[in-house]
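When the letters of the sequence shown are read in order and numbered with my numbering, they come out as residues 135 to 186. From the three backbone atoms N, C-alpha and C, an ideal C-beta is built for every residue, glycine too. Small disclaimer: the values here were computed from a predicted structure and weren't measured. Note sheet for the following structure.
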Amino acid sequence: MGNFPIVGAMLFTLGCWLQVHIWIGCISVAAVTATYGFALTASHLEEPQVTK
């Protein structure tokens, strides 16, 4: 059980890293989704330019 603190610290570090990674990933997905949603909404709101 001598290495338990080291293993615990490694697992803790890995857990924190994964949590941050997932957090960043969620923000990235949300930002991309919002950007696409805004772009689609904006393109639908624009009135078509009809040239005669």
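- Rounded to the nearest angstrom, the gap between the Cα atoms of A165 and P139 is 38 Å.
- Annotation: the continuous alpha helix (DSSP H) that includes G142 extends over 138-179.
- One alpha carbon belongs to G171, the other to T185, and they sit about 28 Å apart.
- Looking at the backbone, the Cα of A168 and that of H178 are separated by about 15 Å.
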